[in-house]
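Reviewing the structure listed below.
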Amino acid sequence: MNHAVAPLADSYEQDAQCELTAWRARMVAGPNLWDRTTRGVQQRINRAIPEKVHTVITATIEQMTRGILSGSGLTTPAPLLGASLAQREAKVLEKIALYRTTATAEGGVAGAGGFLMAAADFPVLISLKIKLLFDIAALYGHSGKDFRERLYILAIFQLAFSSPVHRKEVFATMAAWDAREVGTLDQFDWPRFQQEYRDYIDLAKMAQMLPLIGAPVGMIVNYRLLDRLGETAINAYRMRWFEGREPSLQAGTQTEIDETRSA
Numbered sequence: 280m281n282h283a284v285a286p287l288a289d290s291y292e293q294d295a296q297c298e299l300t301a302w303r304a305r306m307v308a309g310p311n312l313w314d315r316t317t318r319g320v321q322q323r324i325n326r327a328i329p330e331k332v333h334t335v336i337t338a339t340i341e342q343m344t345r346g347i348l349s350g351s352g353l354t355t356p357a358p359l360l361g362a363s364l365a366q367r368e369a370k371v372l373e374k375i376a377l378y379r380t381t382a383t384a385e386g387g388v389a390g391a392g393g394f395l396m397a398a399a400d401f402p403v404l405i406s407l408k409i410k411l412l413f414d415i416a417a418l419y420g421h422s423g424k425d426f427r428e429r430l431y432i433l434a435i436f437q438l439a440f441s442s443p444v445h446r447k448e449v450f451a452t453m454a455a456w457d458a459r460e461v462g463t464l465d466q467f468d469w470p471r472f473q474q475e476y477r478d479y480i481d482l483a484k485m486a487q488m489l490p491l492i493g494a495p496v497g498m499i500v501n502y503r504l505l506d507r508l509g510e511t512a513i514n515a516y517r518m519r520w521f522e523g524r525e526p527s528l529q530a531g532t533q534t535e536i537d538e539t540r541s542a
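Numbering (my numbering), first residue to last: 280 to 542.
The following block contains the structure:
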């Protein structure tokens with residue numbers, strides 16, 4: 280989507296570009312020692328979590344993914360038009376804060392309820408995340424009714440909640456999004472999608488099921504998950520906002536894509 284904006288960025292946009300540059304560098308970075316250690320712990324916990332929980336998580340992710348891709352049952356807000364980046368992001372931050380508060384309260388209640396409540400929290404949390412992404416897309420001027428936009432939302436979701444290796448792969452597909460072929464419904468790899476997300480959150484959700492500490496852990500976990508998703512979405516839409524406006528930004532993006540493919 281093209282935005283009618285002045286060719287020279289204002290101070291807000293200059294700051295946003297600096298933040299975007301730092302964020303892009305994190306997206307193409309390989310796994311560090313902490314990532315590798317955490318991945319091993321996640322895999323062990325993944326084996327320890329009861330199959331009942333895995334079944335709920337897998338079914339929820341599959342249903343959510345297919346629903347987003349097909350557009351069934353989705354109510355999408357109208358795109359915000361004619362606003363500056365600063366105006367859009369002020370509204371985006373308000374929206375993130377609202378959803379984060381809701382998710383934090385939900386996590387506390389679920390954590391206090393023990394195993395079954397913590398398991399039941401999963402569909403609620405994933406629904407909040409997806410609704411937040413559709414709201415953010417609209418605030419940046421994009422329509423969630425468009426299949427291309429729904430795929431972009433799923434790409435953002437994967438950036439936020441995947442291993443470093445998969446994150447790099449997803450990030451490489453997001454450059455020049457408005458000009459590229461995005462594929463079809465049948466080409467989306469939902470098993471990989473759900474496996475990455477499930478592995479990412481297993482450690483956090485397992486801690487939420489523990490007696491006594493479940494409530495505070497649930498609040499902290501949900502707060503941080505929504506916060507991470509919000510930051511990822513902001514920078515993902517900044518990429519599209521700035522694409523094509525400055526040759527140096529385009530060149531930087533292409534360099535990162537080349538590095539990702541060669542890593």
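All residues carry an ideal CB built from backbone N, CA and C; glycine is no exception. Because the structure is a prediction, the values reported are computed rather than measured.
Counting the other Cβ atoms within 10 Å of the Cβ of Leu360 gives fewer than 16, which makes it exposed.
The beta-carbon distance between Ile513 and Ile432, rounded to whole angstroms, is 14 Å. This is too long to meet the 8 Å contact definition.
Of the candidates Pro310, Ser349, Asp294, Ser349 places its Cα closest to the Cα of Arg427.
Of the candidates Gly420, Thr452, Ser422, Ala301, Thr452 places its Cα closest to the Cα of Ile435. Inter-segment contact for the stretch 502-512 and the stretch 435-445 is present: three or more beta-carbon pairs are separated by less than 8 Å. Distance from the CA atom of Leu505 to the CA atom of Tyr476, rounded to whole angstroms, is 14 Å. Met518 carries a helical assignment under DSSP once its states are collapsed to helix, strand and coil.
Residue burial annotation: Arg507 is exposed, with fewer than 16 other C-beta atoms found within 10 angstroms of its C-beta.
Per the C-alpha coordinates, the member of Ala295, Leu407, Ala455, Asp457 positioned closest to Ala365 is Ala295. The C-alpha of Arg303 is placed about 27 Å away from the C-alpha of Ala382. In the three-state scheme derived from DSSP, where H, G and I count as helix and E and B as strand, Val461 is classed as coil. Counting along the chain, Gln296 sits inside the alpha helix (DSSP H) bounded by residues 290-307. If you ignore the 5 residues before and after Gly462, its C-beta comes within less than 8 Å of the C-beta of Leu430, all in its own chain and listed in chain order.
In this structure, the straight-line span from the alpha carbon of Leu404 to that of Glu460 is close to 31 Å.
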